[in-house]
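First comes the structure, then the notes that go with it.
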Amino acid sequence: MSLDVPDSGRGVVRLDVCDTEVPFGLTVRELEVATCVAGGLGNPEIAAVLACSRRTVATHLEHVFAKLGVRARASVATLIAAEDAYVAPLPSPDLVLPPALLGVLGEQEQEPVSRPAVSRSPLRRPAVLASVYPADSLAGGPVLEMRRGARLAVRDISASGGVSGREIEHLAVSVTPEQLLGTVGDLADRGVDGILFGNFPLPVALPALAAANASGTPVLHSMTGKALSERVRADPAGLGAVFQVCSTESAYVPGLLRTVRDLEDSGAFLPRRRRLAVLQRASTFDAGVVERVQRQAAEADWDLVFLESVSDDALDFADVVGRLEMADPDLVSLSVFPEPTLRAFLEATAGMRDSATFHAAWSPAAPEFAWRLGELSEGLLWSTVIGNVDSPLCMRFEQRFRATFGADPGPAAAAVHYDMVNVLAQAWSRVSRPWDFAAVREQLRTSTSFGVTGAHQFVGRGQRGLSYPDETRDPARGHPHLIYRITGGANQRLAPPLVS
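Residue numbering for the sequence shown follows the UniProt record's numbering, beginning at 1 and increasing consecutively.
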């Protein structure tokens, strides 16, 4: 059946009415409840309109929340409006709905409204993206660059037409570790379509990721604690919406030893006895660390002579340094520590720098790290399993970042969060609605995209990225494991070979 509906100023609009399935998998009764919610009615009013009990309304509403993947009435109203998924005839004349829609679905006559004869595209509900970062004063890392990278990505996507014509509404919040769980719950209740995480300590990150997963919302992060991806792999129901864009910190030691071997072959590094010491942050230390690092050292023909866990926020290293000096290593590797902890350690071990080479993971990626630490950073090796690669795409990103913010993006953090926004946006663009979380998650699992930091594929254990050449020999399947030496205050890239 077809109805001609007059629309003043625009001639005739043809409304085709046909049998179809109820949207979102709702029953007809559930759609009636959802329509009433979208029209601003509370549960008592809905019960009166539908001639049922309040308890029945509450039960139907729970089903609506579950099928739409939301927790809040406002989110139900947003989704129903975005899809024009109202039931006809309307359950009540008291619903607050768009006037044009009431003219079609309601029984009252509408006053003719004079409108200019302008062709307008229908407004589309925006895709809502939330980014959650550590409070700057507590982060000990490049939080500002992460925020700016994400902001630039949203700006670039909007300038190119959005996500299939949809704008991106970006909510960026900074929280303390204690606030993280509650904030993530609030964002899920608000009905966001995706969440990006900054770097938080593992003990607070895991419950927050699980809370985000409960709503089905896709979550992207670049935290490298091995336990994160292992938990995702072990619990796909509880953490299956969580995607890690990079490899884990377990790649840092083998990557370092591979690079040291290359330096040995070139004569640039001559260890005395090939003795390795490793300091692992306590937040990601587990029973498997010792066996794993021992195996990695043995495979590279090194002796592991020292391995201890250290508090993530440690500032007093007197006892540790005493034991470290007794071990007499040639090479000392630190896992990911906040900059204040790394500085304190380098100050405490200044007397060992003539006999041992020191390496740190990730933290030196912060812009102006070498300037802040001065002589303490000279000769330091550092690495990241995801960062800027040498490509035209990366060059354009760095140019736009400098032009937009008047600052350098640094070698990793800004690009990582720029890519995370784009990876999620590309998944959104391949489905009909960004809030179809199951479809978006499937796109993330099965699609490949290329960004400033390299290739993005979630094919590693626990829906994570791969490190090249640690886990794949194909640079088109992973992120280059980048290793640098600070010389004269500048980052000198040592490995891997330039990828373009």
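Even for Gly, the Cβ is constructed at its ideal location relative to N, Cα and C. Fair warning: this is a prediction, and the values are worked out from it, not measured in the lab.
Residue i versus residue j: straight-line alpha-carbon distance, rounded
i: V132; j: E167; result: 20 Å
i: V33; j: G478; result: 47 Å
i: V202; j: S335; result: With the sequence shown as reference, residue 202 is identified as Leu, and Val is not the correct amino acid for it. Whole-angstrom Cα-Cα distance: 14 Å.
i: S283; j: D84; result: 48 Å
i: S355; j: L380; result: 13 Å
i: L331; j: T357; result: 5 Å
i: P475; j: S391; result: 13 Å
i: A365; j: A159; result: 29 Å
i: A298; j: L263; result: 18 Å
i: T35; j: V242; result: 32 Å
i: S447; j: V440; result: 10 Å
i: A139; j: H221; result: Because A139 sits at a pLDDT of 47, beneath the cut-off of 50, its placement in the model cannot be relied upon, and the point is left open.
i: Y418; j: Q426; result: 13 Å
i: D301; j: R272; result: 13 Å
i: Q399; j: R54; result: 59 Å
i: P89; j: E471; result: 59 Å
i: V175; j: A135; result: 5 Å
i: residue 528; j: F450; result: Since the first residue shown for the chain is 1 and the last is 500, residue 528 is missing from the structure and cannot be characterised.
i: G322; j: E339; result: 22 Å
i: A74; j: Q296; result: 52 Å
i: V143; j: L256; result: 26 Å
i: R493; j: I483; result: 6 Å
i: H456; j: L373; result: 33 Å
i: G194; j: P177; result: 20 Å
i: L228; j: V423; result: 20 Å
i: S114; j: A82; result: Only weak support exists for where S114 lies, its pLDDT of 47 falling under 50; the coordinates are left without a value.
i: N43; j: A287; result: 52 Å
i: D235; j: G489; result: 44 Å
i: R485; j: V260; result: 11 Å
Residue closest to residue i, alpha-carbon to alpha-carbon, out of the options
i: N199; options: L393, G379, W362, Q457; result: W362
i: D312; options: G225, A211, A74; result: G225
i: R464; options: V385, M352, L144, R73; result: V385
i: F306; options: F337, A214, A314, R274; result: R274
i: A127; options: P93, T78, A314; result: T78
i: E169; options: G42, R147, M223, R125; result: R125
i: residue 545; options: L50, V253, L279; result: A query on residue 545 cannot be resolved here, the shown segment of the chain reaching from 1 to 500 and no further.
i: G25; options: L228, C52, G69; result: G69
i: R151; options: Y484, G161, V421; result: V421
i: E291; options: V49, V253, R372; result: V253
i: P23; options: L324, P236, R433, R485; result: R433
i: G351; options: E325, T404, F369; result: E325
Distance between beta carbons of residue j and residue i, contact taken as under 8 Å
i: S247; j: L466; result: 6 Å
i: R445; j: F458; result: 6 Å
i: P329; j: A268; result: With 8 Å as the limit, P329 and A268 do not qualify as a contact, their Cβ atoms being about 19 Å apart.
i: S92; j: L61; result: Rounded, the Cβ-Cβ distance is 16 Å, inconsistent with contact.
i: R231; j: L206; result: 7 Å
i: G462; j: Q244; result: 7 Å
Extent of the continuous beta strand (DSSP E) to which residue i belongs
i: S131; result: 127 to 134
i: T384; result: 381 to 384
i: N388; result: From DSSP, N388 is part of no beta strand (DSSP E); its letter is neither H nor E.
i: F450; result: 449 to 451
Contacting residues, own chain, Cβ-Cβ under 7 Å from residue i (five flanking each side not counted)
i: P480; result: V389, G454, Y468, P496, V499
i: residue 513; result: It is not possible to answer for residue 513, since the shown part of the chain is limited to 1 through 500.
i: R71; result: F65, A188, D189, S215
i: I46; result: V33, C36, V57
i: I80; result: A34, T35, A38, Y86
i: Q443; result: A427, R430, V431
i: P411; result: A365, G387, N388, N491
Residue i, enclosing alpha helix (DSSP H) - first and last residue
i: H63; result: 54 to 68
i: V253; result: 252 to 266
i: Q179; result: 177 to 190
i: Q426; result: 413 to 429
i: V336; result: No alpha helix (DSSP H) contains V336, which is instead part of the beta strand (DSSP E) from 331 to 336.
i: Q296; result: 288 to 299
i: F306; result: From DSSP, F306 is part of no alpha helix (DSSP H) but of the beta strand (DSSP E) over 303 to 310.
i: Q443; result: 437 to 446
Chain-order list of residues whose beta-carbon lies under 6 Å from that of residue i (same chain, five-residue window excluded)
i: F345; result: F317
i: A360; result: L334, L342, W382
i: L171; result: A130
i: A208; result: L180, L181, V184
i: L376; result: L346
i: L196; result: S131, L220, M420
i: D94; result: none
i: I314; result: The sequence given here has Ala at residue 314, not Ile. Closer than 6 Å at the Cβ level, and outside the excluded window around A314, lie T341.
i: E30; result: H60, H63, V64
Close Cβ partners of residue i (< 8 Å) along its chain, the five nearest in sequence each way excluded
i: A211; result: L181, V184, G185, A188
i: P409; result: E145, R148, G149, P367, N388, F397, E398, F401, R402, A415
i: N213; result: V219, G238, L239, G240, A241, V242
i: V28; result: V22, V87
i: V154; result: L129, I168, H170, V421
Closer than 7 Å to chain B by CB, residue i
i: D265; result: No chain B is part of this structure, which consists of one protein chain only.
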